[in-house]
Structures are given as C-alpha cells and as structure tokens.
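In what follows, a structure is listed as structure tokens, so that the remarks can point back to it.
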Amino acid sequence: MTSNPTWILKRFPTGLPGPDDFSLEQRAAPTAGPGDLLVRTLWLSVDPYMRARLSPAKNYAASQKTGEMMTGGGVGEVIISESPLFRPGDIVQADDFGWQPLTTIAAKTAIRLDPASAPVQTSLGCLGMPGLSAYFSLLHTGRPKEGETVLISAASGAVGQIAGQIARIKGFDPVAIAGSDAKIEWCKGIGYRTGINHRSESDLTGAIAKACPSGVDVFMDNTAGPIHDAALLNLNTFGRIVIVGTVALADRFDQPDIGPRFLRRILVARARIEGFLLDDFEAHYAEARSQLTRWYQEGLLEAREDVAEGIEAAPHALTRMLKGENFGKQLVRV
Ligand SMILES: NC(=O)c1ccc[n+]([C@@H]2O[C@H](COP(=O)([O-])OP(=O)(O)OC[C@H]3O[C@@H](n4cnc5c(N)ncnc54)[C@H](OP(=O)(O)O)[C@@H]3O)[C@@H](O)[C@H]2O)c1
C-alpha cells in the first residue's frame, strides 16, 4: 500500500480557516476506475473561492463536505490512464484535484498541457482560471474605453496582476490597490501607472482621488469592504463596477457585509454594478486562452507566483493568501 497523505476538511471554519479546521490523514493511494486517470500531483492551486466552499452558506457552487478530502485546481503527471484520451507521462490540468500526492481525476475533466509552450503551473495562474477571470471581467464586463482609468484591487494577486497588464496592453489607464509598498512598486513595474497601499493609507477615498485625478471609470472590485466604498466615492458618471470577488470578507464570511454604503452615488453617477462569474464565459475560454498565451509568449505578461512547498503546506497557504500574505499567484508545489 502506498501511503498518500490527504487533507480532510474537519469542520467549517469560523472566520479565517486555521490548522484545526483540517486534518492530514494517511490514506491508501486511490485506484483509477474506467474513464479515470491516476495522477501524480505536481502543483495545487490555492484560491479565494475556497473560502466560500468551506461554508454551508448558499453559493454558486456546492460546499466542500466536512469529513471529506479537500479538492481544488491542480496539475499532475498521468501515471495510469483508464481512458483512450490520455497516456502515462501526459501532463494534465483539472479543477478537481484532491489535496493529496496521488489522486484520481475523470479524464473528461482534464486538459492536456504542453510543457514546451509555457511552464505547466501557469495553467493555474496567468493562463488558467485567474487569467481568464481577469480577461473576461475587464474586457467583457467592465468594458473600459481607451484612456479610461481602471482601478483594480488585490492588484498584485493572481487575477489583479493579469488585469493590470491587459489594461496596459489595451491602452487603458490602470491604477493598483494592494496591501504593501513592495506590492505597489512591483505593480508599477508591470504596467500600472500608480498605486495605493490600502493597509497603510488612512484616507483611502482621498488617496484614490489623488491617484485618479480624472476619476474612476471602471473599478474591478476583487475584495469588497472599505476599498469598495472608497472607490465608489470616486466613480465617474456612467462608471462601471465589476464585482469579481469579496476576499476582504473572508474572516466574516457568514456575517453581513461591512462598511458604509453609498447608494446615492450610484444614482447620481448612473453607475452600473455587475457581478462577474467566470463560468458564464465558458464558450469563449479557448479564444481567451490563446490570446493570453500569445501575450505570455511575446513577453507582454509577467506572472508572479508565490510557492509553498509540499502537501503539508496546503492549508497554511490558503490562510496566508486570505490574509494577504501571498505576493503573486498562490501555489503549492507537491
Ligand atoms: N468571480 C469569479 O469568477 C472569480 C474568479 C477568480 C477569482 N475571483 C476573485 O478574485 C479575487 C482575487 O483572487 P486571486 O486568486 O487573484 O487572489 P489573490 O489576489 O492572489 O489573493 C488574495 C488577495 O486578496 C487581498 N486581500 C485579502 N484580504 C483583504 C482585505 N481584508 N482587504 C483587501 N484586500 C485583501 C490580498 O492582497 P493585498 O495584499 O493586496 O491586500 C491577497 O493577496 C478574489 O476575491 C477571488 O474570489 C473571482
């Protein structure tokens, strides 16, 4: 029997997830049934959406069940294939890897990767779910026009770093909000015109006004909370707010939203607020993936990763990302 350390969700967290919410169990390696692949996990993706699944609250996707294995996006090497679609040695990406070194995935959910085209873990970052989210939320939901100011929160993160660079490529005026001076400096280096450190700034509304002297035309809201309110107070007439994520609420997940509300600003600005969900764009993934890959290969997209080492590190990587301690796309190298 091959020992296969597997992360189990013990209970739904209150506030931020912590070590007591998970347990690492030694399990037997799984076997591949018909249509399945047995895969050696190389990379696991750690994403903010996981917080919403660690809760019984209503969501767009089913909750992670307590007592069961944690799952998420991953990349791995096929060891045994019970499907004609793949062969041992193929490198695959799928959205439902178990948090374990050997895992099974349904072949029909797997995408074959070409390691010669880009490092395989980019399929979990700039060329995968976060990159696609940046592409569609900015270009299809926010729809900025050339020269317009686009304010982006969590700007150095997996989604934000790609959104800022696409905004630069397309001739918009990207402004970053991120949680440290080092993150802001890095954002400027990849194409953001300027940025605001929301963790050290005492007057966020004033700081956004200063950084965006012509106002905010499109706000890509990756966080919710006080940043949302400060952006709203700087929104231009006919401004657009794209609600991409609410990671600032991760430590109060099942409680009401926070911060003052400025609904009158919506009326006065005739603004549009629209929720964004990547799944709604599935029909267009191929086109967006090939555009992102082209930009990446031309050197127009920089992809910063924050790598935690070993399967043991997975829950801690999730907590530190939700606290803003990651600098770039949070991954676990297994
Ligand atoms: N709707 C969709 O289809 C979709 C798809 C993908 C991602 N998303 C959302 O997009 C957002 C970004 O995801 P990501 O994968 O790119 O994560 P990420 O930005 O790489 O990591 C999360 C970041 O959130 C920021 N953050 C954490 N707590 C915060 C707080 N209290 N206030 C302000 N910022 C805080 C931190 O950055 P700072 O240090 O800069 O504060 C942290 O680094 C998330 O909300 C996620 O749920 C949505």
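So in our numbering, spot 160 of the sequence shown is number 160, and the numbers just go up one at a time. Note that the Cβ used here is the ideal one computed from N, Cα and C, for glycine as well.
Leaving aside the five residues that flank residue 117 on each side, the residues in its chain whose CB is nearer than 7 angstroms to its CB run, in chain order, 293.
Secondary structure in the stretch 148-192: the beta strand (DSSP E) runs of 3 residues or longer, each lying completely within the stretch, are 149-153, 173-178 in chain order. Sorting 129, 240, 281 by C-alpha distance to the C-alpha of residue 267 places 240 at the top.
Boundaries of the beta strand (DSSP E) harbouring residue 27: 22-28, taken from the DSSP string. Judged by DSSP in its simplified three-state form, residue 47 adopts coil rather than helix or strand. Residue 98 places its beta carbon 8 angstroms or farther from that of residue 122. With fewer than three CB-CB distances shorter than 8 angstroms, the stretch 224-236 does not count as touching the stretch 131-142. Rounded to whole angstroms, the gap between the alpha carbons of residue 178 and residue 212 is 15 angstroms.
Three or more Cβ pairs drawn from the stretch 150-167 and the stretch 317-332 lie within less than 8 angstroms of each other, which places the two stretches in contact. In this structure, the C-beta of residue 18 stays at least 7 angstroms away from each heavy atom of ligand 1.
Relative to ligand 1, the beta carbon of residue 156 is positioned inside 7 angstroms of a heavy atom.
Relative to ligand 1, residue 167 has its C-beta separated by 7 angstroms or more from all heavy atoms.
CA-CA distance, residue 195 to residue 189, rounds to 11 angstroms. Out of 61, 108, 101, the CA that lies nearest to the CA of residue 84 is found in 108. With fewer than three CB-CB distances shorter than 8 angstroms, the stretch 276-295 does not count as touching the stretch 33-47.
Of the candidates 51, 36, 231, 281, 51 places its Cα closest to the Cα of residue 253. Separation of residue 248 and residue 34 (C-alpha to C-alpha, rounded to the nearest whole angstrom) is 42 angstroms.
Here DSSP, grouped into helix, strand and coil, assigns residue 110 to coil. Less than 8 angstroms separates the beta-carbon of residue 242 from that of residue 137.
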